[in-house]
Every structure is written in C-alpha cells, then in structure tokens.
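**Q** This is the structure I want to talk about, given as structure tokens.
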Amino acid sequence: MEQKIILYIEDNVHNRRIVRKILQSQGYTLLEAGDGESGLAMIRRLKPPLVLLDIGLPGMDGLELLAQIRADERLRHIPVIALTASAMRGDRERFLAAGCDDYISKPVQVAELLEKVAAHYPSNHAASRTGDQPVSQPPRRATKTILIIEDNPDSARLALRALKPYGYRLLYAPDGESGLAMATKEKPDLILLDLGLPDLEGQTLAALLRGTPGLAHVPLVAVTAWPPDTAVRMAKAYGCDGCISKPISPREFPSQIAAYLNTEERE
Amino acid sequence: MTRPNGAGPAVPPAGAAYFPASACSERLVIPAAPSAQATSPIGLVPASRFTCEELVAAYNQTRVDYIVPMPMNAARLREYIHTYDVDMAASVVAVEDGQILGLAMLGVRPEHTWVTRLGVLPVKRRRGIGRLLMEHLIAQSRRLDVSCVTLDVIKNNDPAYQLFLKLGFHDVRELLVVRRPPGPPAICVDSYSCEVLDGSQAIELLRRRRDAPSWLNETASLVNGGNLAALRVELADGGRGWLVYRMTLFQLNHLIIQTEAGDPHRVALALLHALHTHHPALDTKTENLPADSPYWPAMQEMGYLESFRRIEMRLDLK
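Chains as they are written, first to last, in this note's numbering: chain F, 57 to 323; chain H, 2 to 319.
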C-alpha cells in the first residue's frame with residue numbers, strides 16, 4: 057500500500073507527538089521538522105503531499121515559510137494547513153490570504169484535524185468533495201471489542217484477566233495519547249477509561265473521544281479510585297455512561313461490563 | 002500493542018524503580034530514623050542525577066494509592082520542571098540498596114521556595130523517609146536565604162498534612178481544583194463587548210494583577226508555560242475586567258480573572274461567557290482557585306465543577 061506522507065512543522069515536541077499518534081492511527085506517515093529552516097529544506101527535498109504548519113515557529117516563522125513555498129513554482133501546489141494558537145480576530149483571513157489552504161486553531165480538535173487533513177490530502181480530494189466518509193471504517197465484527205485505557209499495569213492486568221474468559225477482543229492502551237489513537241482506529245464497542253492518566257487527563261480524553269467521528273456514542277465508562285461522589289459527578293459531566301470504582305472486583309467486573317454492552321444493543 | 006482475540010494485550014511488568022549506580026556515587030548518607038525497620042542507611046541523592054524517565058517511574062509508584070494519583074510521563078515532568086522553576090539539583094531522591102524509596106522536588110524563585118511532588122513508595126512508608134526528604138528541602142531553602150517555603154497538600158491527605166504541621170508549616174487557605182466540560186455557555190449574561198488579546202498582551206495584563214496567586218498561577222509560571230491568550234470585556238453598566246488563560250493542545254487552563262471596575266460577579270460571568278463562546282468545544286481546568294474567590298460563584302453558574310481541594314501551607318523562615 058502506498059504511504060500517505062504528511063510533513064508537520066512544529067517546534068513543540070509534545071504537540072508533535074500527539075498529532076503524530078492521531079494521524080498514524082488513520083494510516084498517515086508523519087515526517088516532522090522542529091523549525092522553519094529545516095521544514096523548508098525537507099519540503100524542497102521531499103515535496104510532501106501535504107504540510108501541517110505551525111505559524112508560531114522560532115526563527116523563520118510560519119508565514120515567512122509559507123511565502124517561500126508559494127513563491128517556488130515547484131512547491132506552490134503543495135496544500136498547507138496552518139495550525140496556530142493565535143486567537144486574534146481576522147487571523148483566519150490573514151492566513152488564508154497568505155496562501156494557506158486551510159486553518160486549524162489550537163487547541164486542536166481531533167475531529168477537525170482528521171476532517172481537514174482528509175479533505176486536503178491530494179488522493180482524498182475527490183472523495184471529500186462527493187461527501188464520502190473520509191475516515192475509513194473498520195469492518196463489522198461479531199466479537200465485541202473493549203478498549204482499556206489504564207496506566208497502572210496492575211490495574212490493567214486485573215481488568216484484562218477478569219474479562220479474558222468471555223471471548224471479547226481486548227485492547228489495552230497505557231496512556232491517553234495511545235488510547236485516543238487506538239480508539240480512533242479501532243472504533244471499539246466499549247471504552248474503559250482511567251481518569252488519572254500520565255499524559256492527557258481522563259476528563260480531557262473523555263471530551264476528545266466524545267468529539268471524535270464514530271466514537272460519540274460508544275459506551276464510555278470511567279474506572280477510577282476517586283471518591284465515588286466526585287467520580288460519578290465528573291464522569292457524568294464529561295459524557296461517560298457510567299463509573300466503576302477501583303480496585304475492581306474481578307467477580308463483579310464482567311457482569312458490569314456486559315451490562316454496558318447490552319445497553320448499547322437494546323438501543 | 003494488541004494480540005488476537007483471547008490472548009490478551011501485553012501489559013508492562015510491574016516492579017520497583019531502580020536508579021543507575023552512577024547516580025549515587027556522591028550521595029549523602031543519612032541514618033534511618035530510630036524506628037526504622039531496615040538496617041541499611043538511606044541515601045539522599047540530588048534529583049538532577051536521575052533521568053526524567055527514572056523519576057516518573059518512581060513518582061508514579063509513590064502515588065498509586067493517593068486520593069488523586071495524578072501520574073506523569075517524562076514529557077510532562079520536563080514541562081513541569083520548566084514551568085514551575087523546579088530546581089532539580091535542590092530536589093532530592095531517597096534511595097536504599099539501589100531502589101528509589103521516595104522523592105521530593107523544590108521550586109525556587111527569588112523570595113520563596115515551593116515543595117512539590119513529594120511521595121514515598123507505599124511499602125516504604127512509616128520509616129521517616131518523608132520527613133527526611135522534607136527536612137532536606139527546608140535546609141536547601143534556608144541555604145537559598147528565602148523568606149518562606151510553601152506547599153499545597155490535597156485536603157484529607159492526613160498523614161502528609163500532619164507531617165507538615167510537625168515541621169512547622171501552618172495553613173494559609175483552601176484552594177480549589179475546578180473544571181468544566183466542553184460546551185457553549187448554557188446561561189445568558191448581561192450584554193458586553195469583548196476584545197480578544199494575544200500572548201504578549203496577556204503578559205502585559207498580568208503585570209497589573211492584584212490577586213495573591215499560589216505558585217502554580219504566579220506570573221512566572223504562566224510566562225514559563227507560554228501559550229497565553231486573554232479576553233477583555235466591558236459591560237453596559239461600565240463594569241470591565243480581563244481574563245488571562247493558557248491554551249494547550251486540547252485544554253484551556255490557568256484562568257486568571259481580574260475586575261477593573263464594577264461588580265466582580267457580573268464581570269466574571271461576562272468573561273467566562275466570552276471564553277466559552279470563543280472555545281465551545283474545549284475542556285477547561287483551573288487549579289488552585291482560592292475557595293473564597295469572588296469569582297467562584299460565577300464559575301459555578303457557568304458550569305464549573307469542583308474536582309478536589311488542596312490546603313496551601315507555609316513555613317516562615319525569617
């Protein structure tokens with residue numbers, strides 16, 4: 057299968073890692089540059105099909121880099137999507153006038169990122185224009201898939217062991233970023249979410265999952281050691297369908313999980 | 002990493018965090034407390050001798066049974082060190098027989114220091130390790146000639162709170178950690194005009210702030226963290242004020258509100274209405290809002306929920 061390459065020019069390593077995981081989950085290969093000069097060199101050398109460009113770069117900033125791309129007849133056809141933390145009114149028009157094909161403001165929303173990348177990626181142009189779904193859907197499965205997002209290895213092991221005899225397809229992500237990427241790619245039938253994660257906070261991840269195409273209605277259950285009243289309040293506010301207290305009871309856990317899956321079937 | 006149906010995914014092995022032999026070559030050896038069960042001495046090693054990966058592995062284990070565990074990864078620890086001016090040479094790790102038992106970090110700014118990320122492995126508690134770590138950080142603070150040491154302890158973490166009292170710390174105030182799920186404002190507010198400001202304008206506003214922020218929200222923390230933006234509103238009745246906030250990739254946080262004129266409640270409602278109209282799809286979190294903040298009622302009306310509370314404590318050195 058042909059690689060779908062995107063060049064992402066961004067000085068913040070943390071942002072690069074998250075965007076990389078999200079786009080990798082959709083089958084893209086992300087090349088990265090940490091500043092404008094090396095980004096321009098990579099564009100000249102590799103001529104990537106699509107560029108994601110942080111506007112606020114140190115040294116040569118995004119708009120200057122964009123001007124160089126648009127001034128070069130060998131590069132000017134490359135679609136460029138600007139990412140910027142700037143919240144100034146009129147920025148969108150300014151960036152589009154400078155030659156950006158589209159514009160995403162930070163903090164990035166997963167749905168918007170995937171939609172705009174799919175819309176501007178050269179091979180997807182026809183599909184997006186005719187209104188086809190740009191994000192590939194996994195085939196229908198008879199076996200229910202459960203994604204467990206949990207950073208504590210002991211807690212993860214306990215949950216996996218409790219569910220193993222029931223024939224589910226079990227997926228495990230040890231942090232929020234990989235959980236988000238796995239959920240986006242696999243579209244599980246149920247997501248178990250630890251609220252205390254080492255990278256993205258559980259609530260932030262819940263909000264992102266709810267805003268991601270194909271995941272808005274997947275049963276989402278918070279699993280947490282927080283005091284029950286706080287946990288239930290937070291889980292409900294962030295769109296979770298329920299809350300299970302840690303440590304889980306291996307005896308009760310499978311029937312708790314089955315109840316969430318059965319609820320989905322009734323609906 | 003996944004495996005086919007039934008086999009189950011791989012889970013990383015559990016285990017103690019170990020530090021490299023090189024890290025303890027110049028360690029300070031301190032005898033354990035008289036009641037200690039172990040016979041070997043406990044060493045205190047500067048945190049700067051460990052990698053962030055080693056420190057977070059140990060730190061996450063110290064917090065597994067906390068009320069609010071707040072685990073970190075190495076990238077987040079690096080950001081934390083930078084944002085909050087944590088001095089890793091002044092921060093300290095307790096070790097014994099090659100194993101990290103606990104750690105504590107020290108934020109250092111001109112007039113005061115801040116104790117953070119104190120933790121001891123659950124199986125190694127009640128041996129005086131927390132006290133050793135704390136005494137070391139207090140001694141470091143005295144050497145730095147600062148006027149006081151501050152810290153924030155999660156409310157109801159009684160063992161830690163009692164330790165801090167014994168060391169001479171006293172309560173300053175209660176602080177709230179609050180958050181709001183995504184969504185546009187659900188209430189109407191008085192009509193207002195709003196101006197959106199960029200990061201440099203946000204920093205200008207912070208120079209005029211009148212609040213008494215905790216360490217997390219001091220101007221130095223906000224400037225170090227970057228990605229700042231601000232809103233300024235003016236109400237028809239002449240009320241006006243501003244809101245500075247930080248935008249990370251998926252979250253708004255570190256909200257600082259100031260009223261310049263008029264009723265603080267109405268000004269805060271207008272600012273929050275503007276913020277969530279501007280960013281309706283983003284999660285919002287703000288830490289260490291004073292429990293008696295005049296803005297908290299407006300935040301609750303705008304959909305903010307209390308996540309947990311901390312107690313701010315201070316030890317005066319001068």
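For every residue, glycine included, the Cβ atom is placed at its ideal position computed from N, Cα and C.
1) If we call anything under 8 Å between Cβ atoms a contact, is L271(F) one with A229(F)?
2) Counting only beta-carbon atoms, is T334(F) nearer than 8 Å to chain H?
3) Less than 8 Å between the C-beta atoms of L249(F) and A262(F), yes or no?
4) Report the option in P265(H), A58(H), A76(H), V116(H) whose CA atom is closest to the CA atom of L102(H).
5) Quick one: grab the DSSP three-state call for R132(F).
6) Determine whether the Cβ of L317(F) lies closer than 8 Å to any Cβ atom of chain H.
7) Does K103(F) come out as helix, strand or coil in the three-state DSSP assignment?
8) Taking K286(H) as the reference, give the member of A91(H), D153(H), G169(H), N218(H) with the closest Cα.
9) Leaving out five residues before and five after K60(F) in sequence, what residues of the same chain have Cβ atoms less than 7 Å from its Cβ?
10) With the cut-off set at 8 Å, would you say L229(H) and L276(H) are in Cβ contact?
11) Helix, strand or coil: how does DSSP classify A292(H) here?
12) Could you pull out every residue in the same chain whose Cβ sits closer than 6 Å to the Cβ of R225(F), ignoring the five residues on either side in sequence?
13) Would you verify that the beta carbon of Q80(F) is, or is not, closer than 8 Å to some beta carbon of chain H?
14) Identify, in the order they occur along the chain, each residue of the same chain with its Cβ nearer than 6 Å to the Cβ of A278(F), setting aside the five sequence neighbours on each side.
15) What does Q334(H) touch in chain F if you count any residue whose Cβ is under 8 Å from its own?
16) Which of helix, strand or coil does DSSP assign to Y224(F)?
17) So which residues of chain F does E80(H) contact, with C-beta pairs closer than 8 Å?
18) In this structure, does DSSP put F309(H) in helix, strand or coil?
19) Is the CB-CB distance between F309(F) and A218(F) below 8 Å?
20) Which residues, taken in chain order from the stretch 282–303 of chain F, show a beta carbon closer than 8 Å to some beta carbon of chain H?
21) Between A91(H) and Q141(H), is the Cβ-Cβ spacing less than 8 Å?
22) Output, in sequence order along the chain, the residues in the stretch 177–199 of chain H whose CB is closer than 7 Å to any CB in chain F.
23) Which of the residues in the stretch 235–249 of chain H, read from start to end, lie with their CB under 7 Å from any CB of chain F?
24) If the criterion is Cβ atoms closer than 8 Å, does the pair L121(F) and L102(F) meet it?
25) Since P47(H) sits in a beta bridge, which residues does DSSP pair it with?
26) Provide the residue span of the beta strand (DSSP E) that contains S299(F), from first to last.
27) Based on Cα-Cα distance, which residue from R267(H), M248(H), V224(H) lies nearest to E235(H)?
28) Whose C-beta lies closer than 6 Å to the C-beta of D88(H) among residues of the same chain, with five residues either side of it excluded?
29) When the Cα of Y67(H) is compared with those of T280(F), G118(F), D285(F), which residue comes out closest?
30) Smallest Cα separation from E54(H): which of R210(H), N74(H), L306(H)?
31) Identify, in the order they occur along the chain, each residue of the same chain with its Cβ nearer than 6 Å to the Cβ of Y305(H), setting aside the five sequence neighbours on each side.
32) Taking contact to mean at least 3 C-beta pairs separated by less than 8 Å, is the stretch 133–147 of chain H in contact with the stretch 291–303 of chain H?
33) Any beta carbon from chain B within less than 8 Å of R77(H)'s own beta carbon?
34) In terms of alpha-carbon separation, which member of K162(F), V164(F), L216(F), Q165(F) lies closest to R307(F)?
35) Does any residue of chain F bring its CB to less than 8 Å from the CB of H277(H)?
36) Give a yes or no on whether the C-beta atoms belonging to P163(F) and L283(H) are separated by under 8 Å.
**A** With the structure as the only source:
1) Going by C-beta atoms, L271(F) is not nearer than 8 Å to A229(F).
2) No statement about residue 334(F) is possible, as the shown extent of chain F runs from 57 to 323 and does not include it.
3) Result yes, Cβ atoms of L249(F) and A262(F) sit closer than 8 Å.
4) Measuring C-alpha to C-alpha distances from L102(H) to each of P265(H), A58(H), A76(H), V116(H) identifies A58(H) as the nearest.
5) Coil.
6) Cβ-Cβ to chain H under 8 Å: no for L317(F).
7) In this structure, K103(F) counts as coil in the three-state DSSP scheme.
8) Closest by alpha carbon: N218(H).
9) If we look at K60(F) and ignore the five residues flanking it on each side, its Cβ neighbours are G83, Y84, T85, Y177.
10) No, Cβ-Cβ distance for L229(H) and L276(H) is not below 8 Å.
11) Coil, per DSSP.
12) Taken in chain order, the residues that qualify are T199, T201.
13) Closer than 8 Å: no.
14) Same-chain partners within the cutoff: L249, L251, A291, C296, C299.
15) For chain H, the structure presents residues 2 to 319; residue 334(H) sits outside this window and is missing.
16) Coil, per DSSP.
17) The contacting residues are H70.
18) Reduced to three states, the DSSP call for F309(H) is strand.
19) For F309(F) and A218(F), yes; Cβs fall inside 8 Å.
20) Only those residues of the stretch 282–303 of chain F whose C-beta falls short of 8 Å from the nearest C-beta of chain H are listed: W282, P283, T286, R289, M290, A293, Y294, G295.
21) Yes.
22) So the close ones are R180, P182, P183, V197, D199.
23) Close to chain F, meaning a Cβ-Cβ distance shorter than 7 Å, are the following residues of the stretch 235–249 of chain H: M248, T249.
24) The Cβ atoms of L121(F) and L102(F) lie no closer than 8 Å to each other.
25) Beta-bridge pairing links P47(H) to V93(H).
26) According to the sequence shown, residue 299(F) is Cys rather than Ser. Element bounds for C299(F): 298–301.
27) The residue with the shortest Cα to Cα distance from E235(H) is R267(H).
28) Excluding the 5 residues flanking it on each side, D88(H) has same chain C-beta neighbours closer than 6 Å at L107, V109, in chain order.
29) Per the Cα distances, T280(F).
30) Ranked by how close their Cα comes to the Cα of E54(H), the residues R210(H), N74(H), L306(H) have N74(H) in first place.
31) The beta carbon of Y305(H) sits closer than 6 Å to those of V179, R181, all from its chain and outside the five residues before and after it, given in chain order.
32) Taking a contact to require three or more Cβ pairs closer than 8 Å, the stretch 133–147 of chain H and the stretch 291–303 of chain H do not qualify as touching.
33) Among the protein chains of the structure shown, namely F and H, there is no chain B.
34) Per the Cα distances, L216(F).
35) It does not; no Cβ of chain F falls within 8 Å.
36) Going by C-beta atoms, P163(F) is nearer than 8 Å to L283(H).
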